[in-house]
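J.: Below is a structure I'd like to ask you about.
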Amino acid sequence: MICLGIESTAHTLGIGIVDDKGNVLANCKKSFFPDIGIHPREAAVHHTKHAVELVACALESAKISAEDVDLISFSLGPGLSPSLKVGAVVARTLAIGLNKPILGVNHCVAHIEIGKMKTAVKDPIVVYASGGNTQIIGFSGGKYRVFGETLDIGIGNMIDKFARKVGLGNPGGPIIEKIAKKGRYIDMPYSIKGMDMSFSGLLTFAVNSFLVKKEKIEDVCYSLQHNAYSMMVEVTERALSHTGKTEVLLTGGVAASRMLQGMLEVMCSERGAKFNVVPVEVAGDNGAMIAWQGLIEYRAGRRQDISETEPDPKWRTDEVEIGY
Ligand code: ATP
Ligand code: FE2
Numbered sequence: 008m009i010c011l012g013i014e015s016t017a018h019t020l021g022i023g024i025v026d027d028k029g030n031v032l033a034n035c036k037k038s039f040f041p042d043i044g045i046h047p048r049e050a051a052v053h054h055t056k057h058a059v060e061l062v063a064c065a066l067e068s069a070k071i072s073a074e075d076v077d078l079i080s081f082s083l084g085p086g087l088s089p090s091l092k093v094g095a096v097v098a099r100t101l102a103i104g105l106n107k108p109i110l111g112v113n114h115c116v117a118h119i120e121i122g123k124m125k126t127a128v129k130d131p132i133v134v135y136a137s138g139g140n141t142q143i144i145g146f147s148g149g150k151y152r153v154f155g156e157t158l159d160i161g162i163g164n165m166i167d168k169f170a171r172k173v174g175l176g177n178p179g180g181p182i183i184e185k186i187a188k189k190g191r192y193i194d195m196p197y198s199i200k201g202m203d204m205s206f207s208g209l210l211t212f213a214v215n216s217f218l219v220k221k222e223k224i225e226d227v228c229y230s231l232q233h234n235a236y237s238m239m240v241e242v243t244e245r246a247l248s249h250t251g252k253t254e255v256l257l258t259g260g261v262a263a264s265r266m267l268q269g270m271l272e273v274m275c276s277e278r279g280a281k282f283n284v285v286p287v288e289v290a291g292d293n294g295a296m297i298a299w300q301g302l303i304e305y306r307a308g309r310r311q312d313i314s315e316t317e318p319d320p321k322w323r324t325d326e327v328e329i330g331y
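Residue numbers (the working numbering): 8 to 331.
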């Protein structure tokens, strides 16, 4: 069975093709990186413009024709409404035109499942770290429960915002990580409330440290990352301790961070847990993870009528019934 998956929750339009053994046959994508944050309507225009070429790219890379596709899946939510609508329209067009089944899936759960499939981890505490989301998750009683999450902005958006405000370009994650290598620690806010994290105070403090207090950029980058990632590691360790789980899976676009990987790895090795990280080619938003999510849900018997494919921009990780 072959599934074509469409990702369009935010600034990336991705078309991926995956078979039922989990082989990624194609993973084409194009991202929209404006200088000043994402305007949802502009992102939707970007996705509309590139949809046809990306579907063609995916079919060509997979060396299959459209008729070989058995299932169309797409991100039903959460995300920016105008972007989600483009993905839904592309999915419906393909499903109706090719007379194939359609399944709208949850974007956050797809980040988890592609990580589980690629690393063969079984029952982990998941650190889902991306642009818009920061959640520490564990499976229990048929759902992925969120043990802790950001109370304001996602970790990646916080880092990207910092980079834009201090003039380092976009996306900030990889740029800041490189600069931070030469940095030393300066004291910054560290904000955990129960099991939840807050990043906006740290962002303001870091911007002011550079623009007002004239601290060195490498020290600011290092300390910003240090505190943000330490908060995430602390919550993850507590989730491991409370649940008794013995594996950690890092997934989402920020999983590409070597510093975050390293810090989680140290924590895991100190408590005898196994650390796993999603491969970088499927870490950020991509169509292959949506295709894989569609496949496992279809295989488990989930079906959806076209009339049920209206996107849900606020569909949370812990609202999804896991039926496989
Ligand atoms: P979601 O919709 O799941 O919240 P998203 O649409 O923002 O996520 P992803 O592609 O999952 O997108 O993640 C993108 C984020 O990953 C960006 O904020 C980017 O800066 C960050 N990122 C990429 N590489 C690194 C890195 N090496 N270090 C830190 N952050 C990184
Ligand atoms: Fe994402």
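From the three backbone atoms N, C-alpha and C, an ideal C-beta is built for every residue, glycine too.
If you're wondering where the values come from, they're calculated on a predicted model, not measured in any experiment.
Closer than 7 Å to a non-hydrogen atom of ligand 1 - does that hold for the CB of Ile-166?
T.: Within the cutoff, so yes.
J.: Among residues of its own chain, excluding the 5 on either side of Phe-335, which ones have a beta-carbon nearer than 6 Å to its beta-carbon?
T.: Because residue 335 is not part of the residues shown, which for the chain are 8 to 331, the question remains open.
J.: What beta strand (DSSP E) runs, 3 residues minimum, are completely inside the segment 240-317?
T.: The segment 240-317 contains these whole beta strand (DSSP E) runs: 254-258, 281-284.
J.: Around the Cβ of Glu-14, are there at least 16 other Cβ atoms within 10 angstroms (buried) or fewer (exposed)?
T.: Glu-14 is buried by the Cβ-count criterion.
J.: Could you tell me which uninterrupted alpha helix (DSSP H) segments, each at least 4 residues in length, are contained entirely in the segment 104-155, listed from first to last along the chain?
T.: Fully enclosed alpha helix (DSSP H) runs of 4 or longer: 114-126.
J.: By the DSSP assignment, the alpha helix (DSSP H) with Ala-69 in it spans what residues?
T.: 47-69 is the span of the alpha helix (DSSP H), which, as asked, contains Ala-69.
J.: Where DSSP assigns a beta bridge to Ser-38, which residues make up the other side?
T.: The partner list for Ser-38 (beta bridge, DSSP) reads Thr-19.
J.: According to the Cβ coordinates, are Gly-29 and Gly-12 closer than 8 Å?
T.: The answer is no: Cβ separation not under 8 Å.
J.: Quick check on DSSP: helix, strand or coil for Leu-199?
T.: In the sequence under discussion, the amino acid at residue 199 is Ile, which differs from the Leu named in the question. It is a strand residue.
J.: If Glu-241 sits next to Arg-278, beta carbons under 8 Å apart, how far is it from one beta carbon to the other, in whole angstroms?
T.: Not really, about 13 Å apart at Cβ, beyond 8 Å.
J.: Pull up the CB-CB distance for Ser-137 and Gly-330, whole angstroms please, since I reckon it's below 8 Å.
T.: Rounded, the Cβ-Cβ distance is 24 Å, inconsistent with contact.
J.: According to DSSP, simplified to helix, strand and coil, what is Met-238?
T.: Reduced to three states, the DSSP call for Met-238 is helix.
J.: Using a Cβ-based criterion (distance less than 7 Å to any ligand heavy atom), does Asp-292 qualify as near ligand 1?
T.: Checking every heavy atom of ligand 1 against the Cβ of Asp-292, one is found closer than 7 Å.
J.: Cα separation between Arg-152 and Lys-107?
T.: Arg-152 and Lys-107: Cα-Cα distance of roughly 32 Å.
J.: Assign Lys-188 to buried or exposed, taking buried as 16 or more other Cβ atoms, counted over all protein chains shown, within 10 Å of its Cβ.
T.: With fewer than 16 Cβ atoms within 10 Å of its Cβ, Lys-188 is classed as exposed.
J.: Thinking just about the alpha-carbon of each residue, which of Phe-81, Val-214, Pro-196 is nearest to the one in Arg-171?
T.: Answer by Cα proximity: Val-214.
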